[in-house]
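From first to last, the protein sequence lines stand for chains A and B.
Letter by letter, the first sequence follows residues 6 to 364 of our numbering.
Letter by letter, the second sequence follows residues 6 to 364 of our numbering.
Where is the CB? At the ideal position from N, CA and C, for every residue including glycine.
Protein chains: 2
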Amino acid sequence: MAPLTSAKTRPVRLADIAKAAGVSHGTASNVFARPEIVREEVRDRVKAAAEAMGYGGPDPKGRLLRAGKVNAIGVATAEPLSYFFEDPFARVMMASISQACDATGAGISLVSAANSEQLAWNIQSALVDGFIVFCVEGGSKLVELARDRKLPFVALDLDSDDDEAVAAIGVDNIAGASLAARHLTELGHRRFAVLALPYADSGFGPTTQEQMEKALYSGTRDRLRGYFAELSRVDIDVSRVPIYETENNEESVWAGLDHIFAAAETPTAILAMSDRIALHALDWLRQHDMTVPGDVSIVGFDGVPEGAVSKPPLTTIVQPIAEMGRLAVKAILENDGSFSRQLLPVDLVVRASSGPSPA
Amino acid sequence: MAPLTSAKTRPVRLADIAKAAGVSHGTASNVFARPEIVREEVRDRVKAAAEAMGYGGPDPKGRLLRAGKVNAIGVATAEPLSYFFEDPFARVMMASISQACDATGAGISLVSAANSEQLAWNIQSALVDGFIVFCVEGGSKLVELARDRKLPFVALDLDSDDDEAVAAIGVDNIAGASLAARHLTELGHRRFAVLALPYADSGFGPTTQEQMEKALYSGTRDRLRGYFAELSRVDIDVSRVPIYETENNEESVWAGLDHIFAAAETPTAILAMSDRIALHALDWLRQHDMTVPGDVSIVGFDGVPEGAVSKPPLTTIVQPIAEMGRLAVKAILENDGSFSRQLLPVDLVVRASSGPSPA
DNA sequence: ATCATTCATTGGATCGATTCAAACATACAC
DNA sequence: GTGTATGTTTGAATCGATCCAATGAATGAT
């Protein structure tokens with residue numbers, strides 16, 4: 006059946022309704038953008054024409070090109086999109102980023118992709134005024150892509166410090182890790198184990214201090230440095246402290262604890278490089294009938310809200326996540342170029358997952 | 006640091022590097038879009054020019070206008086942006102929406118605003134191919150704005166059913182509420198109280214069945230209808246069941262319970278129209294030394310993950326949130342026009358917050 | 001009657017790319 | 001030497017708006 010009317014597509018544009026209303030496109034544009042400067046009679050005529058032709062208002066696509074500013078910032082990660090809503094750390098960070106955006110009226114575009122080919126395209130074609138890059142695994146690739154767009158951008162919690170020219174907001178990992186270790190040594194602990202974040206894209210398993218020093222991700226490396234600096238200070242032989250690299254998920258954390266507690270000498274204190282790791286560890290310990298902090302103490306890192314309500318509540322190093330989000334948005338929107346790297350301080354929050362050494 | 010390049014603005018465009026490389030802009034475009042069809046020698050020349058001039062690749066702003074498709078869907082709500090990351094229901098929904106988007110390669114733009122003036126502008130200027138509208142308070146305004154864009158859109162959990170022509174995905178609120186009420190009556194409860202969601206933009210406080218029937222938000226109204234249909238069926242005088250309208254936050258829920266438990270006859274069973282309400286109620290009850298389900302049973306609505314780990318775990322009506330998200334994305338992307346309203350079934354999940362009536 | 005002032009409207013230029021029919025080479029066959 | 005096939009490159013047209021200098025019309029002042 007051949008449709009009588011144009012059943013295909015009929016993209017009504019501003020010029021169409023201008024013609025229909027018998028005015029120039031300039032005037033038609035003004036009706037929508039600055040109604041007050043066009044005579045009422047004309048204004049009504051144009052609006053009527055728009056209504057009649059089913060015109061949905063000026064298409065932002067057109068406006069955008071002229072205006073140049075999208076008024077939205079992109080938040081990018083190499084994880085799947087749902088990471089933003091499921092990962093505890095990401096969620097808190099996003100909440101603070103979105104508050105900062107709300108305050109300035111900017112929108113948020115989520116950018117991500119499973120495979121890195123897709124990611125490249127998504128970053129290259131994202132309609133944003135700047136990027137906030139979540140640097141977890143694969144961070145450096147992401148930073149590179151973002152920089153290639155030549156848009157303002159800042160890296161959050163940068164893991165790969167290969168380039169000093171990258172604007173980044175991070176925390177003082179070394180100081181934070183030291184704080185965690187000192188807290189435990191002050192409680193009398195002498196036998197430690199470290200559950201590490203990934204230090205390279207290499208799966209999980211036991212590792213060594215030497216390996217860690219060559220880490221691709223400086224955050225992981227620095228946290229270990231902080232731990233060991235403090236342990237060494239009180240004469241603990243760090244070469245005997247087991248380090249297990251996890252993938253920040255349940256499987257690898259549990260495997261790590263299986264490994265650690267299979268050894269002849271088992272730890273009384275666990276240093277976990279993230280709260281997520283620590284929370285999974287708590288589950289494993291409960292499962293294996295070990296009490297926390299009776300048998301084993303554990304200190305996390307990040308300060309996610311889940312840590313406050315876990316059983317037991319988690320002693321951890323809290324990052325000023327809200328502050329980081331605020332700063333990141335500010336850096337993008339102001340983009341005065343004066344911004345470089347910024348290292349924020351962290352705090353130790355003592356809850357019930359750490360206690361005196363049983364020994 | 007003083008920038009070495011021209012300190013003002015230096016918008017390098019495709020045409021610039023085309024000229025620099027001595028080719029037409031058509032060819033230059035091909036170098037980026039379809040490299041395989043341009044001779045290698047030329048390709049390298051253009052790429053070199055781009056590199057030299059600090060060109061960050063074709064600007065999506067320009068491409069967009071020509072291509073027409075943004076490849077992103079907008080998710081809109083009248084709440085502040087952080088709603089997406091903080092509200093439990095929204096988070097689960099967003100996680101499923103983002104999974105569906107990931108699968109198709111579409112991006113997500115978050116659209117929202119505190120004041121409704123800002124909201125209108127944000128919706129009108131959002132660069133998206135369609136909208137998923139979160140209908141909580143102020144839903145109908147939002148739906149209207151979204152529809153005015155003449156883009157594909159679907160309303161989620163639509164509260165105002167004033168317009169049958171709106172594509173919407175919701176759950177069977179009446180059936181779900183009946184299920185909740187029946188569960189409690191079967192446990193022997195006879196004295197009920199209802200903690201309601203907002204039924205209009207009118208603050209919080211005690212209310213009546215008659216008020217509710219005039220509700221602006223049909224979801225609230227239907228849940229009450231479901232509750233009362235079931236209670237009436239077993240000969241409970243619903244006119245004596247207190248109804249307290251909350252704002253789905255701690256303050257109003259606590260005020261509601263203060264009110265309800267100040268009455269001569271106190272309930273043994275509470276019907277909460279959302280899990281959030283129920284979880285706040287759990288806190289209030291614990292604070293007031295009432296045991297759940299010993300003294301009071303409570304049933305929520307939504308099925309957010311927090312309900313599974315609360316103390317005690319929450320008996321609730323779970324919505325097929327993941328399914329709703331998937332359907333919404335599908336509806337936007339396929340946009341075959343065949344889509345109208347869809348009502349999904351809900352399930353009763355019994356956990357520990359409901360038990361036999363103490364009487 | 002002339003000039004200055006204000007207000008509304010016009011139409012061309014622009015934003016930064018993509019697309020496509022036509023022009024141009026070059027090679028090969030007859 | 002003409003004709004055909006193949007592969008590159010060109011340049012004008014297009015996408016949908018906004019901006020702005022110029023124009024026109026109406027009012028008021030001299």
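Report the CB separation of residue i from residue j in whole angstroms; it is logged as a contact under 8 Å.
i                           : j                        : result
serine 237 of chain A       : serine 302 of chain A    : No, serine 237 of chain A and serine 302 of chain A are not in contact; Cβ-Cβ is about 19 Å, not under 8 Å.
proline 85 of chain A       : alanine 119 of chain A   : 6 Å
asparagine 253 of chain A   : arginine 281 of chain A  : 5 Å
glutamine 214 of chain A    : serine 244 of chain A    : 7 Å
alanine 160 of chain B      : alanine 173 of chain B   : 4 Å
phenylalanine 90 of chain A : arginine 331 of chain B  : No, phenylalanine 90 of chain A and arginine 331 of chain B are not in contact; Cβ-Cβ is about 15 Å, not under 8 Å.
glycine 224 of chain B      : aspartate 153 of chain B : Incorrect: roughly 23 Å between the Cβ atoms, too far for contact.
lysine 155 of chain B       : glycine 61 of chain A    : 4 Å
valine 334 of chain A       : alanine 105 of chain A   : 4 Å
Rounding to the nearest angstrom, what Cα-Cα distance links residue i and residue j in this structure?
i                          : j                         : result
proline 272 of chain A     : proline 325 of chain A    : 30 Å
alanine 25 of chain A      : glutamate 56 of chain A   : 11 Å
valine 138 of chain B      : histidine 188 of chain B  : 32 Å
threonine 321 of chain A   : proline 157 of chain A    : 33 Å
valine 36 of chain A       : valine 51 of chain A      : 7 Å
alanine 286 of chain B     : glutamate 270 of chain A  : 47 Å
glutamate 255 of chain A   : proline 310 of chain B    : 18 Å
alanine 268 of chain B     : arginine 196 of chain B   : 12 Å
threonine 10 of chain B    : alanine 170 of chain A    : Confidence at threonine 10 of chain B is low in this model, with a pLDDT of 40, below 50, so the placement of that residue is unreliable and no value is reported for it.
serine 103 of chain A      : serine 29 of chain B      : 43 Å
isoleucine 113 of chain A  : glycine 112 of chain B    : 11 Å
aspartate 21 of chain B    : threonine 32 of chain B   : 12 Å
leucine 276 of chain B     : leucine 200 of chain B    : 6 Å
alanine 125 of chain B     : valine 80 of chain B      : 14 Å
leucine 221 of chain A     : alanine 205 of chain A    : 5 Å
alanine 151 of chain A     : asparagine 127 of chain A : 10 Å
alanine 72 of chain A      : serine 121 of chain B     : 23 Å
methionine 278 of chain A  : tryptophan 289 of chain A : 16 Å
lysine 146 of chain A      : serine 257 of chain B     : 48 Å
proline 16 of chain A      : aspartate 64 of chain A   : 10 Å
glycine 360 of chain A     : valine 297 of chain A     : 8 Å
valine 43 of chain A       : valine 148 of chain A     : 47 Å
phenylalanine 5 of chain B : lysine 66 of chain B      : Residue 5 of chain B is absent from the model: chain B starts at 6 and stops at 364.
methionine 99 of chain A   : aspartate 177 of chain A  : 20 Å
Using C-beta distances below 8 Å, list every residue in its chain close to residue i, excluding the 5 sequence neighbours before and after it, in chain order.
i                         : result
proline 318 of chain B    : Gly312, Arg356, Ala357 and Ser358
leucine 284 of chain B    : Gly305, Glu311, Gly312, Ser315 and Leu319
proline 8 of chain B      : Model confidence at proline 8 of chain B stands at a pLDDT of 38, short of 50, so the residue's coordinates are unreliable; what they give is reported in the following sentence. Correct list: empty, nothing qualifies.
asparagine 340 of chain A : Gly135 and Pro157
isoleucine 337 of chain A : Ile78, Asp134, Gly135, Phe136, Ile137, Pro157, Phe158 and Val159
Kindly indicate if chain B contains any beta-carbon less than 9 Å away from that of residue i.
i                         : result
serine 257 of chain A     : no
glutamate 149 of chain A  : no
glycine 135 of chain A    : no
aspartate 162 of chain A  : no
methionine 217 of chain A : no
leucine 262 of chain A    : no
alanine 131 of chain A    : yes
glutamine 104 of chain A  : yes
aspartate 153 of chain A  : yes
glycine 73 of chain A     : yes
Using C-beta distances below 6 Å, list every residue in its chain close to residue i, excluding the 5 sequence neighbours before and after it, in chain order.
i                     : result
valine 323 of chain A : Gly308, Asp352 and Val354
Any beta carbon of chain A sitting closer than 9 Å to that of residue i?
i                         : result
arginine 68 of chain B    : yes
glutamine 214 of chain B  : no
leucine 156 of chain B    : yes
asparagine 127 of chain B : yes
alanine 100 of chain B    : yes
By Cβ distance below 7 Å, which residues in the same chain neighbour residue i in space, the five residues on each side in sequence not counted?
i                        : result
methionine 6 of chain B  : Because the pLDDT at methionine 6 of chain B is just 38, under 50, the model does not fix this residue reliably, and the point stays unresolved.
glutamate 235 of chain A : Ser183, Ala186, Arg187 and Thr190
histidine 264 of chain A : Pro211 and Tyr249
- Contacting positions in the stretch 273–296 of chain B - beta carbon closer than 8 Å to chain A: Under the 8 Å Cβ criterion, the stretch 273–296 of chain B contributes no residue.
- Message: Residues of the stretch 108–125 of chain A in Cβ contact with chain B at a cutoff of 8 Å, in chain order, please.
- Response: Per Cβ criterion, the list reads Gly110, Gly112, Ile113, Ser114, Leu115, Val116, Ser117, Ala118, Ala119 and Gln123.
- Task: Quick one: which residues of the stretch 75–96 of chain B get their C-beta closer than 8 Å to a C-beta of chain A? List them in chain order.
- Result: For the stretch 75–96 of chain B, which is checked against every Cβ of chain A, the residues closer than 8 Å are Val75, Asn76, Ala77, Pro85, Leu86, Ser87, Phe89, Phe90, Glu91 and Arg96.
- Members of the stretch 173–195 of chain A that neighbour chain B once the beta carbon cut-off is set at 9 Å: Of all residues in the stretch 173–195 of chain A, none places a beta-carbon less than 9 Å from a beta-carbon of chain B.
- Output, in sequence order along the chain, the residues in the stretch 306–340 of chain B whose CB is closer than 7 Å to any CB in chain A. Those would be none; no residue qualifies.
- Quick one, which residues of the stretch 33–65 of chain A are near chain B if we go by CB-CB under 7 Å, in chain order? Legend: CB atoms of the stretch 33–65 of chain A lying less than 7 Å from CB atoms of chain B belong to residues Gly59, Gly61, Gly62 and Pro65.
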